[in-house]
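Chemist: For the sequence shown, this note's numbering begins at 3 and goes up steadily by one. Before I ask anything, let me first share the structure, which is written out below as structure tokens.
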Amino acid sequence: MKNFNYKFIVVILLLVFTALYSKAQNSGETNKPENHIALQFYRNGEFDKAAEVYKKLYYSNRTNTYYRYLLNCYQNLKEYEKAEDLIKEQIKFNKYELSYLVDLGQVYSQIGNESKANASYQSAIKKLKADQHQVIRLANSFLSKRLNDYAEATYEEGKRLLKGAYGFQMEMAQLYYYQRNYDKMINSYLDVLAISEMYLQQVQNRLQQAVYNDVDESLTQKLKDALLLRLNKQPEVVVFSELLIWLYIQDKDFESAFIQAKALDLRLSENGQRLLALARVATNNLNFAVAIKAYQQVISKGKHLEYYFDARNELLQVMYQRISLGLDNQLDDYRRMEEALMNALDEMGTNIQTLDLVKNLAHLQAFYLGKTAEGQFLLEDAITLSGLDYRQKGNLELELADIYLLDGKVWDATIAYARVEDKNKNNTIGFEAKFRKGRLAYFIGNFEWAKGQLDVLKASTSKLIANDAAELAFFIYENTGWDSLETALETYARADLLFYQSKYDQAIQTIDSVITNFPDHEVLD
3 MKNFNYKFIV VILLLVFTAL YSKAQNSGET NKPENHIALQ FYRNGEFDKA
53 AEVYKKLYYS NRTNTYYRYL LNCYQNLKEY EKAEDLIKEQ IKFNKYELSY
103 LVDLGQVYSQ IGNESKANAS YQSAIKKLKA DQHQVIRLAN SFLSKRLNDY
153 AEATYEEGKR LLKGAYGFQM EMAQLYYYQR NYDKMINSYL DVLAISEMYL
203 QQVQNRLQQA VYNDVDESLT QKLKDALLLR LNKQPEVVVF SELLIWLYIQ
253 DKDFESAFIQ AKALDLRLSE NGQRLLALAR VATNNLNFAV AIKAYQQVIS
303 KGKHLEYYFD ARNELLQVMY QRISLGLDNQ LDDYRRMEEA LMNALDEMGT
353 NIQTLDLVKN LAHLQAFYLG KTAEGQFLLE DAITLSGLDY RQKGNLELEL
403 ADIYLLDGKV WDATIAYARV EDKNKNNTIG FEAKFRKGRL AYFIGNFEWA
453 KGQLDVLKAS TSKLIANDAA ELAFFIYENT GWDSLETALE TYARADLLFY
503 QSKYDQAIQT IDSVITNFPD HEVLD
């Protein structure tokens, strides 16, 4: 009997719980906010149902949001009389919001009554007050309906009402851009810059997109012509020169940018900062000729100015980059570079600020001039500097290890790479050391150990190192297993090492022996 009562109670509780849960679910549906329901109808294109709900919401709470949705519903349903009544009621509710007159004009236009539409638009403009924000709101309302001429008339009326307090040049320039009236757009932007140079960045941001989309470069040329004309008339307005320099840079015309920047620097008796910035941009765009001229112009100002050493240092970096890229590839070029670097280090000393110069000079002496002992000495001395961070010291030690390998000191190079890796286990310097250690193992024919090192690096956080490691590991894998001694790959790897050591004649002879002795080997590809 007790067991029966227990089962009966459990069943009753389950039924009650199910009923309550079902009621809660249904209640959740029915109590869903009406604005969510209306929005769902609207998004589904059920404008008749949406209008019914929005009408109820609008008359209970006359927000602009409900008004807009209800108006859109009526317009989509082509119920223009209801739309007109709604707008007129909204105008009574808020007679100071002139955008409602634009809504009314649009409805008249939709029913084909253009005269009433134009009258409504003109009425809105006539009601304007000397209020900058009201003018912008009305113009935006016209713009949203692509009534650009009325938007322009709104700005003109606002300018008249405000009597020079605000000229709407930025807004009108954007309007002219939409209309593709580039002459007026440019003049509007230059007018606002003539008022205050503080708008320069904003104007540049606006023009950037326009210039980017200027496929036939007609806008770019118009802008250059307009700026040069303004500079002739108003040479005292420096911001026009600054905008012209910016435009030349956008157009990758660094020579013209340099001419303008140099003239402005001299005219304003500047300290070279403008020229230094231009040199850096030119360098990033591989325009070394302009970069070198700009750096030299800063250097010519003398050591007493704050940018002298930056310009001197970066000029040497550019000259070295030309050698690295093979643009200057004669022995005389290398010797001139060596002399320039040595003179700079004599003047500025070996310190943390000149580490790049030290590293470049050591590399140049070792890899280009065959002076491995001099390169090693420079690096060994720089590594002892106090205050080096792990990255600075690691880069110097990697360069030193590379020179050991270049000089045929395989054991010293192996130890040096291992030391850098051990001190930098979880950073890019350590990953690079591990890759070079694996590459060294490949050079000397220790392929299994090399693959082990390289396979680990495939998951490196440095994409470049991971790609290099994967490429070399795949090359080793693809070319092993052809013979038990791996003689062909060993010979090829030895040729690779000879190329690394700039022993080109020996390297070519070694490659020839691979072709002669292993005509069917995969490595020939």
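Cβ coordinates follow ideal geometry from the N, Cα and C atoms, glycine included. The structure presented is a predicted model; accordingly, all values stated were derived computationally and were not measured.
Check this for me: beta carbons of Glu308 and Val241, under 8 angstroms apart or not?
Modeler: If you number the sequence shown from 1, residue 308 lands on position 306. If you number the sequence shown from 1, residue 241 lands on position 239. Cβ atoms of Glu308 and Val241: not closer than 8 angstroms.
Chemist: Mind reading off the beta-carbon distance from Glu99 to Ile138? Whole number of angstroms is fine, and I expect it under 8 angstroms.
Modeler: Stepping through the sequence shown from its first residue, residue 99 is reached at position 97. Stepping through the sequence shown from its first residue, residue 138 is reached at position 136. The pair is not a contact, with the Cβ atoms about 13 angstroms apart (cut-off 8 angstroms).
Chemist: Assuming Ala340 and Leu363 form a contact by the criterion Cβ under 8 angstroms, report the distance between their Cβ atoms to the nearest whole angstrom.
Modeler: The residue given as residue 340 occupies position 338 in the sequence shown. The residue given as residue 363 occupies position 361 in the sequence shown. Note on identity: in this sequence residue 340 is Glu, with Ala being the wrong assignment. With a Cβ gap of about 7 angstroms, Glu340 and Leu363 count as contacting.
Chemist: Decide if Arg269 is buried, meaning its Cβ has at least 16 other Cβ atoms within 10 Å, or exposed.
Modeler: Counted from its first residue, the sequence shown places residue 269 at position 267. Exposed.
Chemist: Verify whether the separation of the beta carbon atoms of Leu459 and Ile446 is less than 8 angstroms.
Modeler: Start at 1 with the first residue of the sequence shown, and residue 459 comes out as number 457. Start at 1 with the first residue of the sequence shown, and residue 446 comes out as number 444. No, these two residues do not count as a Cβ contact at 8 angstroms.
Chemist: For Val516 and chain D, any beta-carbon pair shorter than 8 angstroms?
Modeler: The structure shown contains no chain D, having only a single protein chain.
Chemist: Looking only at C-alpha atoms, which of Gln252, Leu266, Phe256 sits nearest to Glu244?
Modeler: For this step, residue 244 is matched to residue 242 along the sequence shown. Closest option to Glu244, Cα to Cα, is Leu266.
Chemist: How many angstroms separate the CA atom of Val109 from the CA atom of Ser258?
Modeler: Translated into the one-based positions of the sequence shown, residue 109 becomes position 107. Translated into the one-based positions of the sequence shown, residue 258 becomes position 256. Roughly 54 angstroms separates the two Cα atoms.
Chemist: Which value, in whole angstroms, describes the spacing of the CA atoms of Lys147 and Leu288?
Modeler: In the sequence shown, residue 147 corresponds to position 145, counting from 1. In the sequence shown, residue 288 corresponds to position 286, counting from 1. Their backbone Cα atoms lie some 47 angstroms apart in a straight line.
Chemist: Excluding five sequence neighbours on each side, which residues of the same chain lie with their C-beta closer than 6 angstroms to the C-beta of Leu103?
Modeler: What you label residue 103 is simply residue 101 of the sequence shown in a count that begins at 1. Counting only Cβ-Cβ distances below 6 angstroms, and skipping sequence neighbours, we find Ser122, Ser125, Ala126.
Chemist: Note down, in chain order, each residue of its chain lying with its Cβ closer than 8 angstroms to the Cβ of Ser190, except the 5 sequence neighbours on either side.
Modeler: One-based indexing of the sequence shown puts residue 190 at position 188. Excluding positions up to five away in sequence, the list reads Gln171, Met172, Met174, Ala175, Tyr178.
Chemist: Could you compute how far the alpha carbon of Asp404 sits from the alpha carbon of Val422?
Modeler: Locating residue 404 in the sequence shown gives position 402, counting from the first residue. Locating residue 422 in the sequence shown gives position 420, counting from the first residue. The alpha-carbon atoms of Asp404 and Val422 are separated by roughly 12 angstroms.
Chemist: Is it buried or exposed for Ser504, if we count other Cβ within 10 angstroms and need 16 for buried?
Modeler: Position 502 of the sequence shown, counted from the start, is the residue given in the question as residue 504. Ser504 comes out exposed.
Chemist: Give the list of continuous alpha helix (DSSP H) stretches no shorter than 4 residues that lie fully inside the region 191–278.
Modeler: 202–214, 220–235, 240–252, 256–269
Chemist: For Ile113, which residues in the same chain have their Cβ closer than 7 angstroms to its Cβ, ignoring the five residues on either side in sequence?
Modeler: Residue numbering aside, residue 113 sits at position 111 when the sequence shown is read from its first letter. Closer than 7 angstroms at Cβ, skipping near neighbours: Tyr82.
Chemist: Would you decide whether Tyr157 is buried or exposed? Buried here means 16 or more other CB atoms lie within 10 Å of its CB.
Modeler: Translated into positions along the sequence shown, residue 157 becomes position 155. Flag for Tyr157 reads buried.
Chemist: Spell out a yes or no on whether the region 500–517 and the region 468–475 are touching, meaning 3 or more CB-CB pairs, one atom from each, closer than 8 angstroms.
Modeler: No, the region 500–517 does not touch the region 468–475.
Chemist: Within 10 Å of its beta-carbon, does Val217 have 16 or more other beta-carbons around it, so buried, or fewer, so exposed?
Modeler: One-based indexing of the sequence shown puts residue 217 at position 215. Exposed is the call here.
Chemist: Tell me the DSSP secondary structure of Leu38 in three-state form.
Modeler: Along the sequence shown, one-based indexing puts residue 38 at 36. With the sequence shown as reference, residue 38 is identified as His, and Leu is not the correct amino acid for it. His38 falls in the helix class under three-state DSSP.
Chemist: Might you give, ordered along the chain, the residues of its own chain that have their beta carbon closer than 6 angstroms to the beta carbon of Gly396, omitting 5 neighbours on each side?
Modeler: On the sequence shown, position 394 is the one that residue 396 refers to. Hits under 6 angstroms: Val422, Asn426, Ile431.
Chemist: Return the CA-CA distance between Glu382 and Arg282, expressed in angstroms with no decimal places.
Modeler: Stepping through the sequence shown from its first residue, residue 382 is reached at position 380. Stepping through the sequence shown from its first residue, residue 282 is reached at position 280. Answer to the nearest angstrom: the Cα atoms are 31 angstroms apart.
Chemist: Curious, which full-length alpha helix (DSSP H) runs of at least 4 residues does the region 117–141 contain?
Modeler: none
Chemist: Quick check on DSSP: helix, strand or coil for Gly372?
Modeler: For the purposes of this step, residue 372 is identified with residue 370 of the sequence shown, where counting begins at 1. Gly372: coil per DSSP, three-state reduction.
Chemist: Can you give me the Cβ contacts of Ala52 inside the same chain, cut-off strictly under 6 angstroms, excluding the 5 residues immediately before and after it?
Modeler: Working through the sequence shown from its first residue, we reach residue 52 at position 50. Close CB contacts of Ala52 within its chain, under the 6 angstroms cut and outside five residues either way in sequence, are with Ala40, Phe43, Tyr44, Cys75 (chain order).
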